[in-house]
Structures are given as structure tokens and as C-alpha cells.
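Q:
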Ligand SMILES: [Zn+2]
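Residue numbers (our numbering): 8 to 276.
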């Protein structure tokens with residue numbers, strides 16, 4: 008067991024500069040870098056392969072995490088899911104929807120109530136078990152079932168892409184989306200005020216599982232390479248950010264500014 012150096016997950020370059028060094032990762036120290044070629048912020052060295060998967064798949068610790076840390080946040084998860092669905096409905100008021108990395112399946116549950124034919128997918132059966140008990144939801148863990156119901160009109164993936172060991176892993180769900188279908192992503196916003204304020208102590212900095220940190224620009228560049236063009240990019244979080252900051256600071260933070268969560272909506276070409 009140990010950490011592994013990695014090139015930029017987006018463009019493969021090894022030209023990078025350190026954003027933060029000596030970031031604790033279990034008994035080791037790692038660093039967060041920004042790629043000099045494409046700008047993607049990423050962890051290197053990092054956990055890899057089975058060591059990485061063990062974070063997510065060991066049933067007892069996952070069950071404990073979901074019950075103790077995730078279930079209490081369900082009201083906020085529901086509020087976020089409904090906001091995401093409002094965004095989607097403006098462009099795709101009905102159709103089939105795959106939520107990839109669906110957590111306890113709240114968004115798919117809410118989508119079904121709105122008339123979407125939705126399916127929630129997670130890698131571990133523990134999500135389905137906890138979802139049934141605490142969220143009145145259904146979460147599938149059999150990928151062949153998700154495949155059989157393809158193609159989808161909408162692919163949703165919230166708080167997933169920062170975890171991917173290889174960004175190309177996202178081709179698996181994306182290949183099930185029909186041409187012209189919508190992609191809705193959310194991920195921690197590296198250009199958020201919270202990141203500027205807290206630096207390496209920002210709560211999204213979690214190098215055991217969060218391997219890459221996107222901005223609007225890098226998320227758009229990655230999606231462009233996968234053949235998905237942007238329709239709408241915004242941030243979710245404290246609303247005051249947009250209203251109270253002086254314009255020069257907003258420009259510095261980039262567009263969209265501020266909020267801790269980046270929300271990205273695009274269309275597969
Ligand atoms: Zn790069």
C-alpha cells in the first residue's frame with residue numbers, strides 16, 4: 008500500500024505547479040497541483056486501484072458513513088435535487104433519466120414524482136439498503152440493468168466526477184446517453200469563495216477521495232473533449248456571494264463566481 012504519482016488526469020501533462028504541499032493523507036503527505044497545460048487541479052501522489060476503491064466499497068464503514076453522516080443531511084440533499092430538477096425541466100420536461108453515482112437515490116425519486124422515467128445507480132448495494140430504509144428510494148447496483156434501459160435522455164451525476172480514478176471512466180455512463188441528451192453535473196467549485204478563504208482546510212479538500220478539483224473552465228474543457236457542449240454553468244451555495252462582492256473580485260473569481268458547488272449543464276453532440 009502506498010501513494011502513486013500521477014500526470015494530469017485531463018490532458019496527461021506532467022507540467023504542473025504546486026497549489027498546496029504537505030496535505031495530510033492518512034499516514035502520508037501529498038500535494039495538490041495545477042496543470043500548466045489545461046489548468047486542472049489534482050492530487051498527486053494519490054491512492055490508486057484497489058486501495059482507492061476500498062474507501063467506497065467496504066460495506067460496514069459505508070453503512071456507518073451513510074447512516075451517521077449522510078442521512079442527517081437528507082433535507083439539504085432534497086433541496087439540491089429539486090433545484091437540479093428545476094434546471095433540467097426547463098430543457099427536458101420528461102423522458103428517461105440515469106443518475107450515475109446517485110447516493111441514496113433522492114434525485115431519481117424526485118424525478119419520478121415529476122414524471123421522468125428515472126433510475127438511480129451506485130456501485131455498492133449498501134446505498135439501496137440505506138435508501139430503502141431512510142429515503143423511501145430505490146438504488147440499483149447492477150450495471151447491466153442500467154444498460155438494458157439505455158439510451159437515456161438525461162444523465163445526472165452529482166458529486167461524482169471529483170472521485171473518478173480515471174476521467175475516462177465517465178465514458179461508461181455517457182455512452183448510455185442518446186445524442187442530443189442532457190448532462191447535468193455538480194462538483195466542488197475550486198473557484199469558490201470557500202476555497203479562497205480556507206485554502207487547504209476547505210472542507211472539499213479530501214485527497215483520499217477527491218482526486219481532482221474543477222473550475223467552470225476545466226469542467227467545460229473536459230466535457231468538450233468528451234463531445235458535450237455547455238448550455239449553462241452556475242454555482243450553488245450562499246446567494247450573498249453574487250450580490251455583495253465588488254465586481255473586480257467577481258471577475259477574479261471567474262464566471263460563474265462564488266458558490267461552493269459548481270453546477271454544469273450541457274448537451275451531448
Ligand atoms: Zn492538464
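Glycine included, each C-beta is placed from N, C-alpha and C at the ideal position.
Ordered along the chain, which non-local residues of its own chain (more than five positions away) have a Cβ less than 6 Å from that of residue 225?
A: 46, 47, listed in sequence order.
Q: When we look at the beta-carbon of residue 118 and count the other beta-carbons within 10 Å, is it buried (16 or more) or exposed?
A: Residue 118 should be labelled buried.
Q: Could you tell me whether the segment 161-177 touches the segment 106-115, where touching means 3 or more Cβ pairs closer than 8 Å?
A: Counting Cβ pairs under 8 Å, three or more are found: they touch.
Q: Along the chain, where does the beta strand (DSSP E) that runs through residue 107 open and close?
A: Note, residue 107: beta strand (DSSP E), 103-107.
Q: Is it true that the segment 29-36 meets the segment 86-105, where meeting means three or more beta-carbon pairs spaced less than 8 Å apart?
A: Judged by Cβ distances under 8 Å, the segment 29-36 makes no contact with the segment 86-105, as fewer than three pairs qualify.
Q: Kindly list the residues whose CB is nearer than 7 Å to the CB of residue 248, restricted to its own chain and excluding five residues on each side of it in sequence; keep chain order.
A: Low confidence applies to residue 248: its pLDDT is 44, below 50, so where it sits in the model is not reliable, and the reading given next is rough at best. Excluding sequence neighbours, residue 248 sits near 200, 264, 265, 266.
Q: Please report the distance separating the alpha-carbon of residue 134 from that of residue 140.
A: Each residue's alpha carbon lies about 10 Å from the other.
Q: Output the boundary residues of the beta strand (DSSP E) element that contains residue 184.
A: Here the beta strand (DSSP E) through residue 184 covers 184-195.
Q: Does the beta-carbon of residue 182, which I'm using as the reference point, lie nearer than 7 Å to any heavy atom of ligand 1?
A: Not under cutoff, so the answer is no.
Q: Residue 20: beta carbon under 7 Å from a heavy atom of ligand 2?
A: With respect to ligand 2, the structure shown offers nothing to examine, as its ligands consist of ligand 1.
Q: Taking the Cβ atom as the reference point for each residue, do residue 197 and residue 221 lie within a distance shorter than 8 Å?
A: Cβ distance < 8 Å, so residue 197 and residue 221 count as in contact.
Q: Name the two residues that bound the continuous beta strand (DSSP E) containing residue 227.
A: Here residue 227 belongs to no beta strand (DSSP E); instead the alpha helix (DSSP H) covers 223-232.
Q: Could you check the C-alpha separation between residue 19 and residue 57 for me, to the nearest Å?
A: Distance between the alpha carbons of residue 19 and residue 57: 22 Å.
Q: Could you tell me the distance, in whole angstroms, from the CA atom of residue 205 to the CA atom of residue 276?
A: Those two C-alpha atoms are separated by around 38 Å.
Q: Taking 8 Å as the limit between beta carbons, can you name the residues of its chain near residue 236, skipping five residues before and five after?
A: Cβ within range, chain order: 230, 273, 274, 276.
Q: Judging by CA-CA distance, which residue of 59, 187, 73, 24 is the nearest neighbour of residue 44?
A: Answer by Cα proximity: 24.
Q: Can you tell me whether DSSP reads residue 68 as helix, strand or coil?
A: Residue state, collapsed to three classes: helix.
Q: Under 8 Å Cβ to Cβ from residue 215, same chain only, skipping five residues before and after it: list those, please.
A: Here the set comprises 32, 33, 54, 62.
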